[in-house]
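Below: one structure, written as structure tokens.
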Ligand code: BDP
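Numbering (mature numbering (1 follows the signal peptide of the UniProt record, and there is no 0)), first residue to last: -28 to -1, 1 to 665.
Here it is in structure tokens:
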């Protein structure tokens, strides 16, 4: 017997299926559906789902609400799409008594009898996350009645930071224009923003900063608060709180004050009134994200105050209602010391001074989202401060959205690192969170490249549970997004797992960093050495000359090594014994220095460039063999991108080798192909249309 609610569920599912049909037909497989395709199951998995044949019901004591409705609609949509029959036998029971989503979203899923699977947790957020988790398991072909999950998020804030501008451009965005149409808001809310929230909820993202950290104060104007309110209202049922990047000088820029000094009473009053105004419109506003005294942005140091003075002033304005996320990405024009040391030097002395509702957001490495960096030494060094890990999902430094590079291994390298100060990096952010610079735009497939979706997905999954293995994340993404064939998944997962190392090898092997073109950051430019600030130049990082290459960060050089715990510094102190992936990050060595392979440093460098190029060729061949497993549209898109990547990997390799050779005058190691062009050719290339600036 079907109760009234069961009938409603089935009708809703049928309606949903109908409304989805035309869209599905028109946009066969263009990537818009992301990992939420719920492609029909087949074989045993389908038989098991049909045998279970669940309807969705509420436990007594669980009442409805907007967030629960999202969970219910998702289950209806997913089950239907996966192939669950209309005539139901079993049930999925939602047992989440408290309405709203104030809890942390912990949930468990288990069978209570042969016909009933329960998703349970404290409040509606638990059922929201539980619903998506259950559908993921089903999509992966698991036996519904054997599913048992007990999950809690590893950290409170799992956040995406948009570097989106008022005019619709996106700083370092490679997936088209911004998804936020500020001009038409608040009257018109693009449907896409709902789909965006849904995708984020499916991986546990619970916060989004909507605007660029290089923020104009305009976002704090009343008319923008009204726009933000429309977004916040739309995202609330998906468990997402909005944050705003706030310009520190706003009291001067738009407040009519003569100063933005954080200790000035009028400034403090201005921010408090601004916060009150925002909370009146958006009662669950997340708070402010602030880039201060960094790359020309205003900040408390303009008034002789510290980062803590600035952050705490904003924290007082928000009070218990919200959080200030204060970025530690700082380096100063006046500071002649190693750029890699500056954030630590500025922030570590402030440990213990930040208010409870301040989180300091630290990039994964000490310079700037490079293909490989050691973990940031601030992790572990500020035990009294809530810290957040900032990763870059958009691939500013890893080939934009064209190169295939799966970033879970990059983030895991930092998250899993033992700080030597009582835990891993992941452990150090458990009271804060993880923020990823979003790679989402208005491209039909959201992220520019289809495989870039995997980085968005992986970031969310790792923020929920940083101990997940990269391989597991790659595989579950590919199975949901592309296809379930086991051989296909083996091949694609292996390709994804090796892809980031390939980029490291053809761009910046052996611990090199920051060798990209000026401003646009597209392609190689190791020769650049004439920019106004020393640390903007690639030559500052390579320190290459006729005799050797690499940045000495040991005691004989900048001694950045001393910022790490002794046990960690010991790992990297001896170039003979260390992991050579970080070799030239920490050491300046002569070209004829012997690496562990027995090759000279020069020969090893060339070997690694070649290894990177070969890895991309292998990726292209792997993909080419998958034609029968992927729809024609996405297959062709990826194949085209891989061709570009093959060409650009060679470009990186050739231009870099040509440049180093012009310095060291050494012949190429035996068997290595000469660069396709001479160095002047590479130096003359210009890219005025490169996106993302
Ligand atoms: C750099 C980007 C720049 C950002 C900056 C930041 O090139 O566009 O504004 O990071 O994180 O890597 O603030």
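Every residue, glycine too, gets a C-beta built ideally from N, C-alpha and C.
The structure presented is a predicted model; accordingly, all values stated were derived computationally and were not measured.
Shortest gap from the CB of residue 257 to any heavy atom of the ligand BDP: 6 Å or more. DSSP places residue 647 outside both helix and strand once states are collapsed to three, so it counts as coil.
Shortest gap from the CB of residue 183 to any heavy atom of the ligand BDP: 6 Å or more.
Remark: the C-beta of residue 385 is outside contact range of the ligand BDP, defined as less than 6 Å to any heavy atom. Cβ-Cβ distances below 7 Å link residue 446 to 378, 380, 426, 465, 468 and 469 in the same chain, with the five nearest sequence neighbours on each side left out; the list follows chain order. Across the structure, residue 635 and residue 660 are spaced so that their CA atoms are roughly 28 Å apart. The alpha-carbon separation between residue 570 and residue 563 amounts to approximately 13 Å. Boundaries of the alpha helix (DSSP H) harbouring residue 443: 442 to 453, taken from the DSSP string. Look at the stretch 561 to 634 and you find these whole runs of alpha helix (DSSP H), each 4 residues long or longer: 573 to 596.
Distance from the C-beta of residue 367 to the nearest heavy atom of the ligand BDP is not below 6 Å. 7 Å or more divides the Cβ of residue 31 from the Cβ of residue 438. In this model, residue 130 and residue 294 are separated by some 15 Å (Cα to Cα). Pairing residue 491 with residue 656, the inter-Cα distance amounts to about 16 Å.
DSSP links residue 95 through a beta bridge to 70. Relative to residue 368, the option among 478, 633 and 493 whose CA is nearest is 493.
When DSSP reads this structure, residue 333 sits in a beta bridge with 299 and 360.
Per DSSP, residue 29 is one residue of the beta strand (DSSP E) stretching across 26 to 30. When DSSP states are grouped into helix, strand and coil, residue 488 belongs to the strand group. Segment contact: the stretch 347 to 366 against the stretch 400 to 413, three or more CB-CB distances shorter than 8 Å; contact assigned. Assigned with DSSP and collapsed to three states, residue 471 falls in helix. Residue 218 has its alpha-carbon roughly 34 Å from the corresponding atom of residue 79. For residue 181, the uninterrupted beta strand (DSSP E) run begins and ends at 179 to 181, by DSSP. Residue 407 is bridged by DSSP to 131 and 362. If you ignore the 5 residues before and after residue 554, its C-beta comes within less than 7 Å of the C-beta of 346, 483 and 544, all in its own chain and listed in chain order. In the same chain as residue 311, and ignoring 5 residues on each side of it, the C-beta atoms closer than 6 Å to its own belong to 303 and 507, in chain order. Taking 3 residues as the shortest admissible run, the stretch 226 to 279 contains the following complete beta strand (DSSP E) segments, listed from N- to C-terminal end: 259 to 262.
Counting along the chain, residue 217 sits inside no alpha helix (DSSP H); it lies in the beta strand (DSSP E) bounded by residues 213 to 217.
For residue 397, the uninterrupted alpha helix (DSSP H) segment begins and ends at 397 to 400.
Contact check for residue 336 and residue 383: beta-carbon distance about 7 Å, within the 8 Å limit, so the pair qualifies.
Excluding the 5 residues flanking it on each side, residue 272 has same chain C-beta neighbours closer than 6 Å at 234, 281 and 282, in chain order. At a cut-off of 3 residues, the continuous stretches assigned as beta strand (DSSP E) that sit fully inside the stretch 156 to 205 are 179 to 181.
Relative to the ligand BDP, residue 318 has its C-beta separated by 6 Å or more from all heavy atoms.
Distances taken from the Cβ of residue 427 to the heavy atoms of the ligand BDP include none shorter than 6 Å.
Residue range 121 to 123 is occupied by the beta strand (DSSP E) that includes residue 123. For the set 220, 256 and 249, the Cα lying nearest the Cα of residue 239 is the one of 220.
Between the stretch 179 to 190 and the stretch 130 to 142, the count of Cβ pairs shorter than 8 Å is three or higher; the stretches touch.
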